Every structure is written in C-alpha cells, then in structure tokens.
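This report refers to the structure that appears directly beneath it.
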Amino acid sequence: MDKQHQDKLLVIARDAVQAAVQGQEDAIPEVDEPELNALCGCFVTLKQGDQLRGCIGRFVSDRPLVESIVDMGRAAACEDPRFANHRIKPDELSRLHLEISVLSPLQRTDDPMSLRLGIDGIYIKRGYTSGCFLPQVATETGWSKEEFLSICCAHKAGLPTDAWQDPETEVYLFTAEVFGAMFKDII
C-alpha cells in the first residue's frame with residue numbers, strides 16, 4: 018500500500034474515531050482504489066503516549082477495507098471492553114496516536130516456533146477461546162518467541178502458558194502492514 022493510500026486510511030480512521038468519541042454518526046466514504054476496497058482484515062489501535070487506549074480488529078472481512086477501518090476505528094474508541102470504565106474523551110483526541118494494521122490472510126502452522134518476531138503476528142485458538150498479538154507487540158516488548166506464544170495463550174486466550182505446544186490448539190500466523198500518526202498530524 019503506497020503512502021497516499023495509507024494517508025487516506027488514516028484520515029478515514031481519524032474521522033471515525035472522532036465521530037464516535039463525539040457521539041456523531043460516521044460516514045463511510047466512497048473510494049475507487051482497489052487497494053482500499055480489498056476484503057482483508059485490519060486492526061485500529063489508539064495509544065496515548067505508551068498507554069493503550071483501544072485496539073479492535075478483525076482477521077477477515079466480507080466488507081471493503083475502507084468500511085472495516087471505519088468500523089474498527091469506532092470500536093477501538095468506544096467498544097474495547099478493557100476501557101469500558103475509562104472511555105476516550107473529546108479533549109484527549111489531539112494526544113492520541115492512531116495506528117492501522119492491514120492484515121494478510123491467516124496461515125495455520127504446525128510449527129509455532131517458525132514465527133518471525135516483529136514480522137508475524139499470532140492468533141491462537143482452542144475451543145471457544147482465542148487470543149492474538151499483532152506483529153509489532155514482539156518489537157514493543159522484546160519478548161522471545163516462547164514468551165510471545167506463552168503470554169498470548171495465558172493473557173489473551175485464557176489458556177495454559179504451554180497450550181501453543183498442544184496439537185489441540187490451533188496456531189495461525191499472519192503479517193501486517195502497519196502505519197500510523199499522531200491524531201493531530203493526520204491531514
């Protein structure tokens with residue numbers, strides 16, 4: 018995705034977040050670019066400094082990327098259950114960093130240790146429980162492969178730390194094109 022497409026998605030996500038925080042309806046813009054209408058998963062992440070303020074996404078979508086970005090922007094701002102008692106306020110908007118991750122399709126792996134730290138994200142699923150880490154989490158935390166997998170199992174999926182080694186557990190890898198900017202700098 019070129020810089021022009023990234024910038025357009027950042028504006029669309031910013032507008033969705035702002036509308037959500039201010040209690041307004043958001044509009045889904047019409048775009049002609051095939052890259053922005055692709056059916057792919059995405060995440061929208063909001064941070065204030067080093068503090069996460071919201072992150073919501075989906076791995077697959079039956080809707081164009083531009084529509085998913087609007088939906089995930091609104092959800093990251095107002096629906097992340099981790100922040101149910103501490104939602105983003107309008108006066109915080111200028112201090113937020115907005116990040117978009119456009120995902121590749123999930124690929125199941127029988128060798129979770131084949132993941133490439135900082136390049137591959139993980140989605141771990143067993144039964145009705147699941148958890149994920151975007152690729153950039155490994156870079157931000159400095160975790161080893163084993164820590165990345167184990168912490169995702171325990172803290173995101175609610176599974177035993179070694180569940181990723183169990184053949185009953187499904188482990189998927191994916192990559193992400195990640196870009197972002199400070200909310201106030203998106204034009």
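Using the numbering used here, the letters of the sequence shown map in sequence onto residues 18 to 204.
Using N, Cα and C, we set each Cβ at its ideal position, and we do this for glycine too.
What you are looking at is a predicted structure, and each value in this text was computed from that prediction instead of being measured.
Query - Contained beta strand (DSSP E) runs [length at least 3] in the region 175–202, N- to C-terminal order - result: 187–199
**Report entry** Cutoff 8 Å; reference E42; Cβ partners in own chain excluding five residues on either side
**Finding:** A36
Query - Proximity below 9 Å, CB of I139 to CB of V61 - result: no
Query raised in the report: Taking buried to mean at least 16 other C-beta atoms within 10 Å of its own C-beta, is G71 buried or exposed?
Result: buried
Query raised in the report: Just the Cα atoms here: how many angstroms apart are L82 and I73?
Result: 14 Å
**Report entry** Among W181, S111, I29, I117, nearest to I141 - alpha-carbon criterion
**Finding:** W181
**Report entry** Anticipated Cβ contact below 8 Å, R121 with T192, distance rounded
**Finding:** Residue identity check: residue 121 is Ser in the sequence provided, not Arg. Rounded, the Cβ-Cβ distance is 5 Å, consistent with contact.
Query raised in the report: Would you report the Cα separation of R133 and T156, rounded to the nearest angstrom?
Result: 11 Å
Query raised in the report: What's the C-alpha gap between P98 and L113?
Result: 18 Å
**Report entry** Close-in-space but distant-in-sequence residues of the same chain around P107 (CB under 7 Å, 5 per side omitted)
**Finding:** V38, Q39
Requested in this report: For G40, name the three-state secondary structure that DSSP assigns.
Outcome: coil
Requested in this report: Reducing DSSP to helix, strand and coil, say where G71 ends up.
Outcome: strand
Query - G135 to N102 span [Cα, whole Å] - result: 31 Å
Query raised in the report: Does the beta-carbon of E116 have 16 or more other beta-carbons within 10 angstroms, so that it is buried, or is it exposed?
Result: buried
Query - Bridge partner(s) assigned by DSSP for S118 - result: F60, V195
Query raised in the report: When we look at the beta-carbon of L56 and count the other beta-carbons within 10 Å, is it buried (16 or more) or exposed?
Result: exposed
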